[in-house]
Amino acid sequence: MIDKAREGRIFARHAFGIKPGLETTRALLQELGNPERDLRIIHVAGTNGKGSVCEMIASVLEFAGLKTGLYTSPHLVRLNERFQINGVDIADGELDPLLEEVEDAAVRVNAAGNGDATFFECMTALAVLWFKRNDVQIAVMEVGMGGRLDSTNVLLPVVSVVTRIGLDHTEYLGDTI
Numbered sequence: 000m001i002d003k004a005r006e007g008r009i010f011a012r013h014a015f016g017i018k019p020g021l022e023t024t025r026a027l028l029q030e031l032g033n034p035e036r037d038l039r040i041i042h043v044a045g046t047n048g049k050g051s052v053c054e055m056i057a058s059v060l061e062f063a064g065l066k067t068g069l070y071t072s073p074h075l076v077r078l079n080e081r082f083q084i085n086g087v088d089i090a091d092g093e094l095d096p097l098l099e100e101v102e103d104a105a106v107r108v109n110a111a112g113n114g115d116a117t118f119f120e121c122m123t124a125l126a127v128l129w130f131k132r133n134d135v136q137i138a139v140m141e142v143g144m145g146g147r148l149d150s151t152n153v154l155l156p157v158v159s160v161v162t163r164i165g166l167d168h169t170e171y172l173g174d175t176i
């Protein structure tokens with residue numbers, strides 16, 4: 000079972016807003032031992048269709064026999080939906096200790112003067128940490144809001160996929176494509 004107070008604290012990180020930038024994510028991942036460096040990643044960006052493309056890519060990779068991680072957002076019902084290995088959501092018993100570990104790392108990052116990690120930054124870090132610890136052969140990672148300062152851009156993909164691009168989130172990303 001997921002500790003509801005801990006889950007609430009992670010969700011409360013929405014209060015830190017949307018912070019385009021990579022520094023806090025880099026500091027958070029460093030605090031967790033840079034798990035992203037040991038992953039082969041397919042990075043999927045775009046305005047529409049990212050989630051569907053991620054699901055299709057993950058399905059093909061799983062069918063090919065690869066242990067495949069999938070990170071998407073948002074979730075519809077449960078936080079667990081964001082994190083899958085071979086089509087199976089992360090179990091509460093795995094998610095809860097990772098939430099604690101990422102929350103603790105986020106507190107240390109802030110104490111070191113590297114900013115407050117947002118909800119999305121924490122979820123991205125949790126995904127790569129879980130994938131590394133479960134020896135996924137390839138991770139399909141969906142971009143969040145997008146743009147060059149999206150926190151997923153700290154990842155070093157083996158393949159990048161871009162779906163259709165349109166104007167979205169202009170208050171953060173500007174008013175031009």
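Take the sequence shown: its letters are residues 0 to 176, numbered as in numbering that gives the first Met the number 0.
Here a beta-carbon is modelled for each residue, glycine too, at the ideal position from N, C-alpha and C.
Only a predicted model underlies this, so the values are computations on that prediction, with no experimental measurement involved.
Beta-carbon separation (whole angstroms), residue i vs residue j, contact threshold 8 Å
i	j	result
V148	L28	The displayed chain sequence assigns Leu, not Val, to residue 148. The Cβ separation is near 15 Å, so there is no contact.
V158	E35	Contact doesn't hold; Cβ gap of about 15 Å is too wide.
Cα-Cα separation, residue i to residue j
i	j	result
V153	G143	12 Å
D37	V135	10 Å
R107	E30	8 Å
P156	G7	31 Å
I89	R81	8 Å
D91	A44	28 Å
K49	I164	10 Å
F118	I41	22 Å
N109	C53	32 Å
L125	S51	22 Å
T46	T151	15 Å
T24	V160	21 Å
N33	A105	14 Å
S58	D95	26 Å
I84	F130	8 Å
L60	A14	36 Å
R12	R39	28 Å
P19	E141	16 Å
Residue i, enclosing beta strand (DSSP E) - first and last residue
i	result
I40	I40 to A44
Q136	Note, Q136: premise wrong, no beta strand (DSSP E); not H, not E.
F82	F82 to I84
Span of the alpha helix (DSSP H) around residue i
i	result
A126	F118 to R132
I56	K49 to F62
V153	No alpha helix (DSSP H) contains V153, which DSSP labels as neither H nor E.
G7	K3 to F10
G68	From DSSP, G68 is part of no alpha helix (DSSP H) but of the beta strand (DSSP E) over T67 to Y70.
E93	D91 to A110
Which listed residue (the options) has its alpha carbon closest to that of residue i
i	options	result
M0	N79, A105 and M122	N79
I56	I164, A138 and R163	A138
G16	R132, C121, V158 and W129	C121
F62	G86, I9 and T123	G86
Task: At least three beta-carbon pairs within less than 8 Å, the region 71–89 to the region 99–112 - done: Taking 8 Å as the limit for Cβ pairs, the verdict is that the region 99–112 does not touch the region 71–89.
Open item on the list: Any contact between the region 60–68 and the region 113–120? By contact I mean 3 or more CB pairs, one from each, below 8 Å.
Closed with: No contact exists between the region 60–68 and the region 113–120.
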